[in-house]
Structures are given as structure tokens and as C-alpha cells.
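In UniProt numbering, the protein residues as written are 1 to 193. A virtual CB, placed ideally from N, CA and C, is assigned to each residue, including glycine. Remember, predicted model here, so these are calculated numbers, not experimental data. For reference, the structure discussed in these notes is given below.
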């Protein structure tokens, strides 16, 4: 099926976000999105605490010393985080469930759809990570584990456990607008912090 995204586009202009803060924030509920598709190196989901600033969170096709590869999974982030849907609306990760459609983005910004097979919410230690690009600052709360990775501008993957202030990762950022029920609204004042 064709991907219908913002302005009818099938790709996103990803930017280099500079990491400005990394902080342990205790335990919280995180969402693993298990898709019904095989995901490839460089692919993941756009996730963030603000609807206009989303991090490219890589899938688990790489594995680690603790787990085998799970090439269908994105350990996406905390339950409050936004993700973009194929129709251009946002969803909270807590709303993603079996049968939902999610947007899968590669490191070049090319998008495709995937159907969710299962969404798994579990309590885990979490990190708050903030980045900036073009004067915009955005953040994400993600599980503090080596299997959660961002994508660097070179295409190289970096685990949140090895991320440092000053590193650059791929993000999707645009001018701030608010959202109601996932739909973008530009005619009223909404401030997200």
C-alpha cells in the first residue's frame, strides 16, 4: 500500500540533532512496538515528547550481549511519547495496539507503513535525552538499556547507554504547532515543554 504522509510525501527531511542533556529519571513505563514486518538496519520510528521534535529510534535488528536480535521490534519510549502515524496524525505510544499502523522511517527519511502485532508496556529504568536543532529543543524519555539505539548522521547506530553530550543523532524537527487528538492545529496557542 502507498504511504500517505504529510503533504502526500513518502519521505521526511531528517536533521542532525545535537545531544544537550542526558539524565536518569528513575523507573517508568516504556512501550515496545512489535510490528508484523521485518525491519532493516537504519529503520526505526520517529518518537518524542513533543509532536514537532521526534528522534529516529532504531529497531532491535542488531541485538546485544543480553538479547538476540528482534528485527520486528522498536523499543520506542515512554507511554507519553508521540509517534507519527502514516496519515500524518500523532498517537501516544500508550495508544498503539495490535492492528494499529505505524510509520517506519529509514535513516534517509524514506517512510513505509507497518502493522503492529503487539504493543508491550513494562516498567523499566528510564533516561531523559534532549537534543537541539535550528534553535528548537526536544526530548525523549527512553529505556536505559543498550538495545535502545539512535541513528547518527553517518548511519552508524549509537546506544543510549553510550550516548554523550555533543553527539549528533537523526531527528525530525519542524516549527512548533499544537495538536488536539493527534491533528495539527495552527490557529491557537499551545506550548509544549
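Residue 56 is positioned such that its CB atom lies closer than 8 Å to that of residue 44. Inclusion of residue 140 and residue 37 in the CB contact set at 8 Å is not warranted, their separation being larger than that value.
Under the three-state reduction of DSSP, residue 65 is assigned to coil, being neither helix nor strand. The three-state reading of DSSP puts residue 146 in coil, since its state is none of H, G, I, E or B. In this chain, the beta strand (DSSP E) harbouring residue 53 covers 53 to 58. Burial check for residue 17: the Cβ neighbour count within 10 Å reaches 16 or more, so the residue is buried.
Beta-carbon to beta-carbon, residue 31 and residue 128 are separated by about 16 Å, too far to satisfy the 8 Å threshold. Residue 104 is classed as buried because its beta carbon has at least 16 other beta carbons within 10 Å across all chains shown. In the three-state reduction of the DSSP assignment, residue 97 falls in the coil class, being assigned neither a helical nor a strand state. For residue 113, the enclosing beta strand (DSSP E) covers residues 111 to 133.
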